[in-house]
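Here is the structure we will look at, set down as structure tokens.
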Amino acid sequence: WAVVLLSSVVLCCPLLSSAVLSLSESKQTGLIMAQEKVALHQKWVLWYDNPRLAPAGREWRDNLQKCGTFDTVQDFWSVFNNVKPASQLAFNSNYHLFREGVVPMWEDPENKKGGKFVLTIPKKDSKAGRCDEMWLYTVLSVIGETIDPTGNQVCGAVVSIRKSQDRIALWL
């Protein structure tokens, strides 16, 4: 395990222990910058959809929009920090984070014999930002493979924004 402290954010990642990072400190900003990107074991794709905005007769799959693809820790943050937080999405919108090559739909061969675990977050009982916090923890656990150390059980995760509750699903 390795721990990297960047400003007030601590990143603990087993992937860093095998990576050789060349760190240099910028005297002007006081920031520590990694010279090499830290690779993830898998390549991931973040998708967005809002079925309510789809034209009538359009297939669900055609409504999926790719937000970004990443295979390094740095590229993950580049994608994740440049999309709206889940809590700010319109009702009935979804973010889907899936391994590259796996389409976030049950008809995909990787998902056909799978299932999902769902966490429901009622809005009336939830503090502001709870969904965003839980979504971030889920995403970090999935891409860091701490929730699935083998890297072959979890296909992806979905956050679904609804009027009275939000849902986070882990697809296996």
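Heads up: the sequence shown is residues -19 to -1, 1 to 153, going by mature numbering (1 follows the signal peptide of the UniProt record, and there is no 0).
We put the CB at the ideal spot given by N, CA and C, even for glycine.
Bear in mind the structure is a predicted one, so any value in this text is a computation, not a measurement.
On the three-pair Cβ rule with 8 Å, is the region 54 to 65 touching the region 87 to 102?
No, the region 54 to 65 does not touch the region 87 to 102.
Quick check on DSSP: helix, strand or coil for V139?
Counting from one through the sequence shown, the residue named residue 139 turns up at place 158. V139: strand per DSSP, three-state reduction.
Based on Cα-Cα distance, which residue from Q23, E40, W28 lies nearest to D129?
Here residue 129 corresponds to residue number 148 of the sequence shown, with the count starting at 1. Closest option to D129, Cα to Cα, is Q23.
Near C48, what residues of its chain come up, given a Cβ to Cβ distance below 7 Å and the 5 sequence neighbours on each side ignored?
Counting from one through the sequence shown, the residue named residue 48 turns up at place 67. Closer than 7 Å at Cβ, skipping near neighbours: L27, W28, Y29, V60, V64.
In angstroms, rounded to a whole number, what distance separates the CA positions of E17 and G38?
The residue labelled residue 17 in the question sits at position 36 within the sequence shown. The residue labelled residue 38 in the question sits at position 57 within the sequence shown. Each residue's alpha carbon lies about 47 Å from the other.
Distance CB(L121)-CB(V135) smaller than 8 Å:
Taking the sequence shown and counting its residues from 1, the one referred to as residue 121 is at position 140. Taking the sequence shown and counting its residues from 1, the one referred to as residue 135 is at position 154. Contact check for L121 against V135 fails: the beta carbons are separated by 8 Å or more.
Alpha carbons only, please: which of P66, V84, F79 is nearest the one belonging to V123?
Looking up residue 123 in the sequence shown gives position 142. It is F79.
Can you grab the Cα-Cα spacing for the pair N75 / Q46, in whole Å?
The sequence position of residue 75 within the sequence shown is 94, counting from 1. The sequence position of residue 46 within the sequence shown is 65, counting from 1. Each residue's Cα considered, the two are about 11 Å apart.
So T50 is in the alpha helix (DSSP H); what residue range does that whole segment cover?
On the sequence shown, position 69 is the one that residue 50 refers to. Unbroken run through T50 is the beta strand (DSSP E), 46 to 53; no alpha helix (DSSP H).
Other residues of its chain near V83: CB distance less than 6 Å, five sequence neighbours each side excluded
On the sequence shown, residue 83 is found 102 positions in, with the first residue counted as 1. Apart from sequence neighbours up to five positions away, the residues of its chain that approach V83 with a beta-carbon distance below 6 Å are D89, E91, C136, ordered along the chain.
Quick check on the DSSP output: the beta strand (DSSP E) that includes W25 runs from which residue to which?
What you label residue 25 is simply residue 44 of the sequence shown in a count that begins at 1. From DSSP, the beta strand (DSSP E) with W25 extends over 20 to 30.
Let me know if D43 comes out buried or exposed under the rule of 16 or more other beta-carbons within 10 Å of its beta-carbon.
Within the sequence shown, numbered from 1, the residue matching residue 43 stands at position 62. Around the Cβ of D43, a 10 Å sphere holds fewer than 16 other Cβ atoms; the residue is exposed.
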